[in-house]
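For reference, the structure is listed below as structure tokens.
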Amino acid sequence: MDFDSVQKERPSLQMLFDDLFHPNPNINRQACMEMILYWPKESIPRLILNLKEKDIAIRRKSIKALAFFGDAALNPVIENFFATNDPTVQISCLKTLVKIAAFEQYSLLSSSLEELIHLCLKNEDSQMILVTVCLLRQLGQTGLPILIQASKDKNILLAKAAVTALGEFNELSARNCLRELLENESTDELIKESIVDSLSIYGKD
Numbered sequence: 000m001d002f003d004s005v006q007k008e009r010p011s012l013q014m015l016f017d018d019l020f021h022p023n024p025n026i027n028r029q030a031c032m033e034m035i036l037y038w039p040k041e042s043i044p045r046l047i048l049n050l051k052e053k054d055i056a057i058r059r060k061s062i063k064a065l066a067f068f069g070d071a072a073l074n075p076v077i078e079n080f081f082a083t084n085d086p087t088v089q090i091s092c093l094k095t096l097v098k099i100a101a102f103e104q105y106s107l108l109s110s111s112l113e114e115l116i117h118l119c120l121k122n123e124d125s126q127m128i129l130v131t132v133c134l135l136r137q138l139g140q141t142g143l144p145i146l147i148q149a150s151k152d153k154n155i156l157l158a159k160a161a162v163t164a165l166g167e168f169n170e171l172s173a174r175n176c177l178r179e180l181l182e183n184e185s186t187d188e189l190i191k192e193s194i195v196d197s198l199s200i201y202g203k204d
């Protein structure tokens, strides 16, 4: 097949974005694959712009599409998070990172991703905290030390979410952390209830 014929078969970027928002999820997926194949550099910035759209369906499909790009979308999404003060955009960036982490395996956190995580854990927005804990859970062993630290935080919502996430780890360090918190008299009763649930549900009593 010659170059000209390949070019003729190449779908336009606009066509692929139209397909991305088609009601059929299979067409959406195919559009994502073709974005990666034909328009990788052009697609990511446009998808990131969609994270500020008011239409939640557009945001959700753009998040899923960005996740297909995996590590290639990681830094652009992180940069977009820091470039805005819009909570909706920041939450969308976090949700994208959660999905990317589900595809990729990170043995180390980049300095920018670690900075983002710590910043979000200090935020007062409950959704931001919960999505960040979900991100740490998806990061697995890499996120485990931060989850252990978060389980001891004074913020009850954060500590409770971290404890629940730790209960999903079949790791000695996670179990030891939960037991230490359970035996600590200063641990809030709500946190202790979550610890008991985590230990019993996952057979770690």
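Anchor point for the sequence shown: position 185 equals 184 in numbering that gives the first Met the number 0, and the numbering is continuous, going up by one each time.
C-beta atoms are modelled at their ideal positions from N, C-alpha and C, and glycine is treated no differently.
Item                                                                                                            : Value
Coil, strand or helix - R9 by DSSP                                                                              : coil
Segment limits, alpha helix (DSSP H) that includes E179                                                         : L171 to E182
Spatial neighbours of Q126 in its chain, beta-carbon cut-off 7 Å, leaving aside the 5 residues before and after : I90
F16 to I43 span [Cα, whole Å]                                                                                   : 12 Å
Straight-line gap, L50 to V76 (C-alpha atoms, nearest Å)                                                        : 10 Å
Contact under 9 Å by Cβ, A72 with T95                                                                           : yes
Distance between beta carbons of L19 and N27, contact taken as under 8 Å                                        : 6 Å
Extent of the continuous alpha helix (DSSP H) to which E113 belongs                                             : S110 to L120
Cβ neighbours of V5 in the same chain (closer than 7 Å, five flanking residues each side left out)              : Unreliable placement is indicated for V5, whose pLDDT of 43 sits below 50; the coordinate value is still reported in the next sentence. Excluding positions up to five away in sequence, the list is empty.
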